[in-house]
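Notes for the one structure printed next.
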Amino acid sequence: MARPILESFRRFIADRRAESGMGALLIFIASILVAAVAAGVIIQSTYMAQQRAQSTAELSIQDVSDGWKILSVEGEVNDDGTALTHVYLKTALHAGSYPLYLRHTVIEITDGEHEGNLYLDSEWDLKDGYFYVLYNATQDATQGMFLGYAKNASKEEALEYFNSTLNNLQNGKYYLFEIKTFHIEYLTSDVKVYETTYTAGSGFAQTGEVNEISSASKTLSEIKLQALIYVAKQIAKPGISYTVIVIRDPNDAFNESTPNMVVTQGAILKLIINVSGWNIGPQKHVTIKMMPKHGVPTLEEFWTPPTYARQSYISLT
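Heads up: the sequence shown begins at 14 in the working numbering, then just goes up one per residue.
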C-alpha cells in the first residue's frame, strides 16, 4: 500500500518540476527578446555615434587643413604717384586642402584708418531681378509719399507685395518705379514708371513687409531721388569691391557666373582689390585676412614703401 502512494508522490513532484521548467523557459525566451531589442538599440546608437564621430572628424580635418595661401601681393599706383588704386593678391589653396568656395570666404582688409569686407564687383549688379519702388500721388500728381520697395520681384509680385499697405490708404493713383540697373558707387539707374489705380478696401493678401521711410509729402522728383537713395542704402555693401582673374585652373572648375565659384587644388587666382577710395599712401601698414567657411584663416601684413617713386606697379611682399 505504501509503494503506490510513494509512486504517486514521485509523479506529483515530477509534474511540479515540469511546470516550473516551462515557466523558466518562457522567462528565458522573454529575456532573449528583451536582450535582442536592447542589442538593436545599442547597435543603432553605436552607428549614430560612429556617423557623428566621422562627420566631426571630417570637419576637424577641414578646420586644420583647408585654407588659402597668399603667393604674392602687388600694388598699382595712381598717376600722381601718391596712393594705391588697386592691390593685386595672388592666391591658391593650401596643400591637402579640400576645394573651397570663394563666395563663402570672408576677406577683410584694413589700413589702420579704414576697414571693410571685400565683395565681388558682380554682386553690385541686380542680375537676378529688379527693385520696384512704390509711391502714391495726389490727384494733380504733383505730390506723394514714398511707401517702400520690393527687391528681385516681377511687376505683378511687387504690386501684390504692396497691397497690404494700400489697404490702409485712401483711393488714389500709385506709381511703381522699376529700377533695372543699379550701381551703388554712381547711383545710376534705368527707370520705368508704371501707373496703377487702387480702390481702398478691395482686400488683398499680405505677402511681405513694406519698408516705410517717410510720412512727409514731397514732389514726385523728390520722391524718386529719395527712393533711389534709400534703395542704395539697403543694398550698400559695408566694404570695397574686387574682381577675379583666373591664372590657372587645371580642373576647369572655377566660373565667376556660378553661385559659389569652386576653387580646386592647383588653381591660382588673382584678386584685384579696388582701394582707390582709401588713399593708401607711403608707409602705411595694411592687413588682409582670408577666412574660409571651414579651415585656417590666412593673415597677410605688409607696409607700403617709403615712396612710390613714380612707379605704376610695385611689389608689396
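We treat Cβ as the ideally placed atom computed from N, Cα and C, and that holds for glycine.
Taking C-beta separations shorter than 6 Å and ignoring five residues to either side along the sequence, the partners of residue 297 in its chain run 124, 317, following chain order. Contact between the segment 279 to 295 and the segment 101 to 117 is established, with three or more Cβ pairs separated by less than 8 Å.
Residue 61 carries a helical assignment under DSSP once its states are collapsed to helix, strand and coil. At a Cβ-Cβ threshold of 8 Å, residue 303 and residue 120 count as neighbours. Put simply, of 256, 277, 255, 108 the residue whose alpha carbon is nearest the alpha carbon of residue 265 is 277.
Here residue 41 has no same chain residue with a Cβ atom under 8 Å from its own Cβ, once five neighbours each way along the sequence are excluded.
In the structure shown, residue 288 falls within a coil segment according to DSSP collapsed to helix, strand and coil.
Taking a 10 Å sphere around the C-beta of residue 60, we find fewer than 16 other C-beta atoms and assign the residue as exposed.
Residue 326: member of the beta strand (DSSP E) spanning 326 to 328, first to last residue.
Residue pairing for residue 261: DSSP places it in a beta bridge opposite 281. In this structure, the straight-line span from the alpha carbon of residue 312 to that of residue 50 is close to 54 Å. One thing to note: residue 286 has its Cβ within 8 Å of the Cβ of residue 122. Non-local beta-carbon contacts of residue 275 in its own chain, meaning distances under 7 Å to residues more than five positions away in sequence, involve 112, 114, 266, 267 in chain order.
Cα atoms of residue 117 and residue 80: separation of roughly 12 Å, rounded to the nearest angstrom.
DSSP, reduced to helix, strand and coil, places residue 69 within a helical segment of the structure shown. Residue 105 carries a strand assignment under DSSP once its states are collapsed to helix, strand and coil. Only residues of its own chain outside the window of five on either side were considered, and among them 283 have a CB closer than 6 Å to the CB of residue 258, listed in chain order. Taking the C-beta atoms as reference points, residue 129 is found no nearer than 8 Å to residue 327. Judged by beta-carbon spacing, residue 294 lies within the 8 Å limit of residue 96, meaning their Cβ atoms are closer than that value. Remark: C-beta atoms of residue 90 and residue 254 do not approach each other more closely than 8 Å.
Inter-residue distance for residue 260 and residue 69 is about 34 Å (C-alpha atoms, whole angstroms).
Annotation for residue 304: the continuous beta strand (DSSP E) segment containing it runs 298 to 304. Distance check between residue 77 and each of 305, 64, 127 places 305 closest, using alpha-carbon atoms only. By the neighbour-count definition (other C-beta atoms within 10 Å, threshold 16), residue 86 is a buried residue. Residue state for residue 115 is assigned as coil, using DSSP reduced to three classes. Straight-line spacing of the CA atoms in residue 99 and residue 72 works out to 35 Å. Of the residues assessed, residue 308 falls on the buried side of the cut-off, its CB having 16 or more other CB atoms within 10 angstroms. A direct Cα-to-Cα measurement between residue 74 and residue 67 gives close to 10 Å.
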